[in-house]
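Our numbering runs 12 ahead of the 1-based position in the sequence shown. From the three backbone atoms N, C-alpha and C, an ideal C-beta is built for every residue, glycine too.
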Amino acid sequence: MASVSSFGKYTHAIVRCIPSSFGTAETAADASDGGAEPVDLAKAHRQYGVYTGILRQKLGLQVIELAADEGLPCSTLVGDLAVIQGDTALLTRPWVPSRRDEISSVKKVLEELKLRVVEVTDEGATLDGSDVLFTGREFFVGISKWTNHRGAEMVADAFRDFAVSTVPVSGTLHLRSFCSMAGSETVVIGSSDVAKKAMKTMEQLTDHHYETLTVPDDPAANCIYARLGQKSSVLLHRSAEEYPNSVQPFQKLPDYTLIPAACTEVAKLGGTLSSCSLLINKKLEI
């Protein structure tokens with residue numbers, strides 16, 4: 013299957029600068045990872061700089077940096093705004109009036125990269141990019157506070173070559189709050205009851221056997237897997253300073269380059285490593 017062979021290969025990343033309004037008390041109060049703890053804006057900027065530096069220098073990606081949106085404190089979580097696979101990008105919230113400018117700037121970049129852009133036009137559908145897990149073979153969509161069954165149907169409509177299964181997610185979490193891929197064969201999963209239940213559901217819904225790598229801390233299970241060349245695999249994961257007990261399990265991955273990256277400040281607003289960018293594999297035109 014072509015999708016598996018190209019899984020984890022990226023050429024571009026879209027990110028958005030952190031606004032000065034990032035981490036307002038009103039926004040932080042709704043966060044799922046950190047409660048209303050105040051955001052350290054200077055620290056957030058430093059972590060953003062490290063993150064984008066890794067994308068450029070370690071992963072070799074062309075990073076497209078969008079301007080900060082002061083009217084939307086959480087706009088740096090650009091990964092929530094689209095689901096991208098192959099040459100198709102599904103915009104998750106194009107009809108939300110308060111986020112129209114934010115989404116328009118993302119759409120413009122995607123169109124400039126000549127991706128096929130699909131929009132969720134059904135106002136009854138809710139969909140968040142952090143609820144969508146692509147394994148290289150199929151999609152799992154978390155049914156959560158942020159994503160409903162109609163949103164999952166939008167994923168199925170946009171990516172008709174792949175099976176799409178739904179996974180219930182309780183509370184204020186997203187599906188990828190506690191899981192991610194470390195290659196096309198391995199799911200990184202947290203240890204909470206919510207994570208275990210979701211993993212069991214995914215195993216029941218798929219015909220493929222995935223290996224699982226369990227980490228003690230749910231947020232540490234959100235990683236970014238990338239392939240460099242034919243044989244080199246990279247895993248960007250939360251730092252030992254944040255989750256010391258969850259770093260050791262990653263050592264079990266053979267021949268992987270492990271790159272730690274902290275995102276404590278983004279996490280206070282419910283963000284994850286993967287929600288800080290949109291990763292794209294743009295085929296070179298000959």
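{"Query": "When the Cα of GLU123 is compared with those of THR218, ASP52, ILE96 and PHE146, which residue comes out closest?", "Result": "ILE96"}
{"Query": "At a cut of 8 Å, does the stretch 201 to 209 reach the stretch 170 to 177 through at least three beta carbon pairs?", "Result": "no"}
{"Query": "Specify the secondary structure class of SER33 as computed by DSSP and reduced to three states.", "Result": "coil"}
{"Query": "Pairing CB atoms from the stretch 70 to 90 with CB atoms from the stretch 104 to 119, are three or more of them under 8 Å?", "Result": "yes"}
{"Query": "Compute the distance between the beta-carbons of GLU131 and LEU103, then report whether it is under 8 Å.", "Result": "yes"}
{"Query": "Starting from GLN74, follow its DSSP beta bridges and name the residues at the other end.", "Result": "HIS24"}
{"Query": "Since SER192 sits in a beta bridge, which residues does DSSP pair it with?", "Result": "VAL200"}
{"Query": "Residue ranges of each alpha helix (DSSP H) run of no fewer than 4 residues wholly in the stretch 111 to 143, ordered along the chain?", "Result": "112 to 124"}
{"Query": "From the DSSP output, read off the bridge partner residues of GLU277.", "Result": "Bridge partners of GLU277: none, in fact."}
{"Query": "For the alpha helix (DSSP H) that contains VAL259, what are its first and last residues?", "Result": "256 to 259"}
{"Query": "Where PHE171 and PHE190 are concerned, what is the direct C-alpha to C-alpha distance, given to the nearest angstrom?", "Result": "24 Å"}
{"Query": "What number of angstroms, rounded off, separates the C-alpha of ASP267 from the C-alpha of ARG239?", "Result": "12 Å"}
{"Query": "Could you tell me which uninterrupted beta strand (DSSP E) segments, each at least 3 residues in length, are contained entirely in the stretch 207 to 233, listed from first to last along the chain?", "Result": "223 to 226"}
{"Query": "Do LEU78 and VAL153 have their C-beta atoms within less than 8 Å of each other?", "Result": "no"}
{"Query": "Mapping DSSP to helix, strand and coil, what is LEU67?", "Result": "helix"}
{"Query": "Nearest-angstrom Cα distance between SER289 and GLY163?", "Result": "21 Å"}
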